[in-house]
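Trainee:
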Amino acid sequence: MKNFQVAIIGGGVIGSAIAWELSKYKVDVVVFEMGSDVASGASKANSGVIHSGINSPTDSLKARFCVEGNSMFQTLADTLGFQFKWVGKWIIAKNQHEEKELNRLQNVGIANNVPYLKVIDGSEVEKKEPNVSCYKALWVPTAGIIFPYEFTIALAENAAENNVKFLLETKVIGLKKQRNNFEILTDKGNFQAQIVVNAAGLNCREIVSMVEEPDFQVYPCRGEYLILDKNYSSLINSMIYPVPVKELGVLGVHITPTIEGNILIGPSAEFIGDAEDKRTTKEMMSTLFKEAKEIIPALPKKAVISAYSGIRCKLASEKSGGWADYRIEESKHTTGLINLLGIESPGLTAAPAIAREVMKMISKHMELQKKNNFKLKKGRIKRFSEMPLKEQSDLVKNDERWGRIVCRCEQITEAEVINALSNPLGARSLSAVKYRCRAGMGRCQGGFCTQHIVRIMEEQFNIGIDDMKLKSPKSYLFEKRTREVKDD
Ligand SMILES: Cc1cc2nc3c(=O)[nH]c(=O)nc-3n(C[C@H](O)[C@H](O)[C@H](O)COP(=O)(O)OP(=O)(O)OC[C@H]3O[C@@H](n4cnc5c(N)ncnc54)[C@H](O)[C@@H]3O)c2cc1C
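All residue numbers for the sequence shown refer to the working numbering, where the first residue is 60 and numbers rise by one.
Below is the structure:
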């Protein structure tokens with residue numbers, strides 16, 4: 060049975076941020092992730108917004124960690140090499156009644172130490188956002204955008220490069236507290252650890268219930284999105300939010316630019332019984348489109364290229380208003396079990412600050428000594444399509460795989476696909492490739508590149524046709540061969 064000092068359950072942004080912080084210290088750490096890659100849950104499927112901190116009540120943990128996390132992002136992006144833009148956010152009021160809400164949000168923001176907030180007349184907003192009409196708007200310049208999976212992958216990969224062990228496709232199925240240790244039962248064997256960090260997102264209650272009676276419930280709440288084609292990127296310059304919906308403890312359907320120029324519409328908010336129910340529905344797609352069109356009348360239907368959904372981990376039911384604060388605490392009954400409960404929005408923003416808080420909790424149990432050989436990633440590696448012609452041709456001259464375009468829509472080369480498949484976590488699904496180098500993310504959504512990626516997986520990584528997966532442990536791409544190909 061392998062023994063670790065710290066075991067983290069869940070390789071979402073929270074587990075990965077904690078793993079990254081721990082990887083700076085001389086600690087033996089393991090991360091169990093039941094998905095085929097990190098960012099398999101909410102950390103992949105959200106708006107990717109780095110929030111400013113105006114939406115959570117002053118003195119709440121959500122406000123504290125959001126504001127702290129927000130202030131860390133520029134440095135994190137520069138060092139870990141993920142893309143990040145301060146695009147800013149408009150919260151728009153359609154009438155005088157909604158203007159009151161803008162003033163309330165501004166006051167909350169000021170109390171939470173969010174700088175540079177300003178209420179601006181609709182006519183001024185129109186100069187910046189010609190496709191948006193409103194009565195007034197609150198300008199929030201300290202809101203930014205990232206690709207949430209890119210951030211999570213960057214944290215996890217750098218942690219793995221610094222000796223944190225990531226066990227993908229490994230589900231924790233039992234937990235036993237012994238005298239000074241936990242025995243952790245997984246579907247791939249048993250392990251021991253001194254400290255267990257429960258960062259299992261929607262499954263946080265299930266993990267607690269393995270050792271004690273949980274004193275909380277989880278209420279899954281689905282948010283669906285539409286993705287627009289890059290050709291429509293000029294419709295907006297910043298994020299456009301309505302005033303928040305009071306009843307559900309969510310921010311309402313907003314319109315968000317992404318770093319690569321796609322636009323996101325969503326998320327909806329629908330409390331659901333089954334936390335696994337990630338479907339997108341025709342009804343919700345048309346509701347989202349209708350709501351977005353109220354904000355941007357020029358929005359054409361043909362701009363929509365795809366849809367996805369993410370599930371919020373709420374600790375408050377729809378009936379009780381849907382809002383509850385985070386619970387970041389060591390169990391009172393099970394020493395050494397650190398629980399991260401109800402980490403819904405702004406959890407992506409808050410993750411780096413939450414990770415530092417968890418470090419303080421861990422340091423009460425063990426002495427944390429800094430490593431002197433910690434290898435920090437140094438900035439972002441440019442994609443082939445972003446390189447000047449000279450750099451491109453030098454690469455192709457040395458290695459012809461740089462000259463073979465695998466994904467036409469996003470202009471991704473064979474060499475980039477190979478680099479993505481060589482990741483330090485050992486993630487080998489089609490999605491692992493997509494989220495590392497964007498092959499399959501364009502207009503045709505993998506229609507052209509899938510066959511080429513499959514060939515690379517088979518020929519260069521020895522992955523058998525029967526073992527190829529789309530994104531999760533059982534999502535096999537092929538059922539069986541329909542015919543054998545004979546070599547002439
Ligand atoms: C629709 C939506 C929009 C959002 N928008 C934003 C936003 O714009 N900005 C923002 O700051 N926040 C946003 N959030 C919140 C943010 O996405 C979450 O707070 C954050 O991703 C939570 O991360 P996590 O690591 O706790 O959970 P997850 O990402 O869900 O990770 C938990 C991981 O644990 C794994 N796991 C579970 N059980 C087990 C087990 N038994 N064994 C092994 N592994 C297990 C899962 O596979 C999963 O990968 C949004 C969330 C949603 C749903």
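For glycine and all other residues, C-beta sits at the position ideal for the given N, C-alpha and C.
Run the CB neighbour count on Lys-373, radius 10 Å, all protein chains shown included, and call it buried at 16 or more, exposed below.
Mentor: It is buried - the Cβ of Lys-373 has at least 16 other Cβ atoms within 10 Å.
Trainee: Going by the CB atoms, is the gap between Ser-368 and Thr-339 shorter than 7 Å?
Mentor: Cβ distance < 7 Å, so Thr-339 and Ser-368 count as in contact.
Trainee: Say yes only if the C-beta of Asn-105 is nearer than 6 Å to one or more non-hydrogen atoms of ligand 1, and no if none qualify.
Mentor: Indeed, a heavy atom of ligand 1 lies less than 6 Å from the Cβ.
Trainee: Based on the DSSP output, what are the partners of Asp-180 in its beta bridges?
Mentor: In the DSSP output, where bridge partners are listed per residue, Asp-180 has Lys-195.
Trainee: Note down, in chain order, each residue of its chain lying with its Cβ closer than 7 Å to the Cβ of Leu-529, except the 5 sequence neighbours on either side.
Mentor: Here the set comprises Ser-488, Leu-489, Ser-490, Leu-536.
Trainee: Taking Thr-408 as the reference, give the member of His-313, Val-108, Lys-533 with the closest Cα.
Mentor: It is Val-108.
Trainee: Would you call the region 494-506 and the region 468-477 in contact, with 3 or more CB pairs under 8 Å?
Mentor: Yes, they touch.
Trainee: Alpha helix (DSSP H) containing Pro-189: first to last residue?
Mentor: Unbroken run through Pro-189: none, as it is neither H nor E.
Trainee: Return the chain-ordered list of same chain residues with a C-beta closer than 8 Å to the C-beta of Ile-355, the five sequence neighbours on each side being excluded.
Mentor: Contacts found: Asn-190, Val-191, Leu-294, Ile-295, Ile-299, Ile-314.
Trainee: Can you have a look at Ala-357 and say buried or exposed, based on whether 16 or more other CB atoms are within 10 angstroms of its CB?
Mentor: Exposed, since its Cβ has fewer than 16 Cβ neighbours within 10 Å.
Trainee: At the level of alpha carbons, what is the spacing between Ile-364 and Leu-287?
Mentor: Each residue's alpha carbon lies about 6 Å from the other.
Trainee: Per DSSP, what kind of secondary structure is Cys-466 in: helix, strand or coil?
Mentor: If DSSP states are grouped into helix, strand and coil, Cys-466 belongs with the strands.
Trainee: Starting from Leu-244 and walking both ways along the beta strand (DSSP E), at which residues does that stretch end?
Mentor: 241-245 is the extent of the beta strand (DSSP E) around Leu-244.
Trainee: Where does Phe-433 fall in DSSP's three states?
Mentor: In the structure shown, Phe-433 sits in coil (DSSP, three-state: anything other than H, G, I, E or B).
Trainee: Could you tell me if Tyr-175 is buried or exposed, where buried requires 16 or more neighbouring beta carbons within 10 angstroms of its beta carbon?
Mentor: Tyr-175 comes out exposed.
Trainee: May I have the straight-line CA-CA distance separating Arg-439 from Asn-222, to the nearest angstrom?
Mentor: Answer to the nearest angstrom: the Cα atoms are 21 Å apart.
Trainee: State the DSSP-derived secondary structure class of Ala-170, mapped to helix, strand or coil.
Mentor: The answer is helix: DSSP assigns Ala-170 an H, G or I state.
Trainee: How many Å lie between Gly-462 and Lys-103 at the Cα?
Mentor: The straight-line gap from Cα to Cα measures roughly 30 Å.
Trainee: Where do the ends of the beta strand (DSSP E) carrying His-313 lie?
Mentor: Run containing His-313: 313-316, per the beta strand (DSSP E) assignment.
Trainee: Roughly how many angstroms separate the alpha carbons of Ala-215 and Lys-545, rounded to a whole number?
Mentor: If you take the alpha carbons of Ala-215 and Lys-545, they lie about 42 Å apart.
Trainee: At a cut-off of 6 Å, is Gly-501 close to ligand 1 when judged by its beta-carbon and the heavy atoms of the ligand?
Mentor: Checking the Cβ of Gly-501 against ligand 1 gives no.
Trainee: Provide the residue span of the alpha helix (DSSP H) that contains Tyr-494, from first to last.
Mentor: That run of the alpha helix (DSSP H) goes 489-496.
Trainee: Using only CA atoms, which one of Trp-79, Gln-504, Lys-153 lies nearest to Pro-301?
Mentor: Ranking the options by Cα distance to Pro-301, first place goes to Lys-153.
Trainee: Here's a check: name, in chain order, each residue in its chain whose Cβ is nearer than 7 Å to the Cβ of Ala-375, leaving out the five neighbours to either side.
Mentor: Counting only Cβ-Cβ distances below 7 Å, and skipping sequence neighbours, we find Tyr-278, Gly-308, Gly-381, Trp-382, Ala-383.
Trainee: What three-state label does DSSP hand Arg-281 in the structure shown?
Mentor: Arg-281 falls in the strand class under three-state DSSP.
Trainee: For ligand 1, any of its heavy atoms closer than 6 Å to the Cβ of Phe-91?
Mentor: Within the cutoff, so yes.
Trainee: Please identify the residue among Asn-105, Arg-123, Trp-79, Ser-115 whose C-alpha is closest to the C-alpha of Thr-138.
Mentor: Among Asn-105, Arg-123, Trp-79, Ser-115, the Cα nearest to that of Thr-138 belongs to Trp-79.
Trainee: Which complete beta strand (DSSP E) runs does the region 366-413 hold, if anything under 3 residues is left out?
Mentor: Qualifying beta strand (DSSP E) stretches, in chain order: 386-389, 396-400.
Trainee: Give every residue of the same chain whose Cβ lies closer than 7 Å to the Cβ of Ile-512, excluding the five residues on either side of it in the sequence, and list them in chain order.
Mentor: Correct list, in chain order: Val-465, Val-476, Leu-489, Val-492, Ala-498.
Trainee: How far does the alpha helix (DSSP H) with Pro-301 in it extend, from its first residue to its last?
Mentor: Where Pro-301 is concerned, there is no enclosing alpha helix (DSSP H), although the beta strand (DSSP E) it sits in stretches over 298-301.
Trainee: Are the beta-carbon atoms of Ile-73 and Ala-410 separated by less than 7 Å?
Mentor: In this structure, Ala-410 lies closer than 7 Å to Ile-73 by Cβ.
Trainee: Using a threshold of 6 Å, is the CB atom of His-110 nearer than that to any non-hydrogen atom of ligand 1?
Mentor: Because some heavy atom of ligand 1 lies under 6 Å away, the Cβ of His-110 counts as near it: yes.
Trainee: Give me whichever residues DSSP pairs with Gly-325 in a beta bridge.
Mentor: DSSP, once it has assigned bridges, lists His-313 as partnering Gly-325.
Trainee: So is the beta-carbon of Ile-205 under 6 Å away from any non-hydrogen atom of ligand 1?
Mentor: No; taking the cut-off as 6 Å, the Cβ of Ile-205 has no heavy atom of ligand 1 nearer than that.
Trainee: Indicate, with yes or no, if ligand 1 has a heavy atom lying under 6 Å from the CB of Ala-258.
Mentor: Yes, the Cβ of Ala-258 comes within 6 Å of a heavy atom of ligand 1.
Trainee: Within the continuous beta strand (DSSP E) that includes Gln-253, where are the two ends?
Mentor: First-last of the beta strand (DSSP E) with Gln-253: 248-257.
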